[in-house]
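Using my numbering, you'd call the opening residue of the sequence shown number 1 and step up by one each time.
Glycine included, every Cβ here is placed at the ideal spot set by N, Cα and C.
One structure is given below, encoded as structure tokens.
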Amino acid sequence: MHEPPATESLCVLLLILVFTLGGGFASAQLISTEEGEAWYEALKKPSWSPPDTVFGPVWVVLYILMSISAFLVWRRGGFFKQALPMTLYGVQLVLNFVWMFIFQEARELLGSLIEICCLLGAVLVTTIIFWRIKTISGVLMVPYLAWVGFATALNFEYWRLND
């Protein structure tokens, strides 16, 4: 298989990292308000809810793994040959960012639960397709899939305990 030039590969990797990490950071900054933080602190939480300090570092690691995964898929033919998996990657990423707004900004626990179920499905499909293209790409998505599954259960508990 023909390998893209090193400079092109580096540019694409950086683009994917900026899109993924930058989108997550921008979304988090846009919803970070004192009112939103006070609302979240007041929520009844399950005993297994992780401390707030865990979320930021976990997301940084997950976004880096996801970016590497998407980059490895891109290397298998570029954006046009891999249009479906790269589009799925973008869709699940948008769903990820939108969840933050529904949950934290709109404070819609049921709406965010419905949305995160869609996100979980999109991540699952993306992981399967990435796995079929390049096994390590699928493997790199598994921690994200597990975390979104955990977040879905957590979102369900927030809704159950607070509705």
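Residue i: first and last residue of the uninterrupted alpha helix (DSSP H) it sits in
i: Q29; result: A6 to I31
i: G77; result: No alpha helix (DSSP H) contains G77, which DSSP labels as neither H nor E.
i: L119; result: L109 to I133
i: Q92; result: A83 to M100
i: A42; result: E34 to A42
Nearest neighbour of residue i, chosen from the options [CA to CA]
i: Y63; options: E34, E157 and F25; result: F25
i: Q82; options: F130, L154, I68 and Y144; result: F130
i: S69; options: R160, V12, W159 and E34; result: V12
i: C118; options: I128, V73 and L95; result: L95
i: W74; options: S32, L15 and T152; result: L15
i: M100; options: L84, L72 and V148; result: V148
i: A153; options: E105, L110, G78 and I133; result: L110
i: N162; options: E34, E41, L21 and Q92; result: E41
i: T33; options: L72, F19 and E105; result: E105
i: V139; options: F150, T126 and A151; result: T126
i: G77; options: L17, A151, P4 and N155; result: P4
Heavy atom of the ligand FMN within 7 Å of residue i beta-carbon
i: A70; result: In the structure on display, the ligand FMN does not appear, and there are no ligands present to speak of.
Worksheet entry | Inter-stretch contact at 8 Å, needing at least 3 Cβ pairs: the stretch 5-13 / the stretch 45-57 | The answer is no - the stretch 45-57 does not touch the stretch 5-13, with fewer than three Cβ pairs under 8 Å.
Worksheet item: Would the stretch 56-64 and the stretch 109-124 be scored as touching if the rule is three or more Cβ pairs under 8 Å?
Response: Touching, no, given that fewer than three Cβ pairs across the two stretches are closer than 8 Å.
Worksheet item: Does the stretch 130-144 come close enough to the stretch 11-30 that 3 or more CB-CB pairs lie under 8 Å?
Response: With a cut-off of 8 Å, the stretch 130-144 and the stretch 11-30 do not count as touching, because too few Cβ pairs lie within range.
Worksheet entry | Inter-stretch contact (C-beta, 8 Å, three-pair minimum) for the stretch 117-124 and the stretch 87-95 | Proximity of the stretch 117-124 to the stretch 87-95 meets the contact definition, three or more beta-carbon pairs being nearer than 8 Å.
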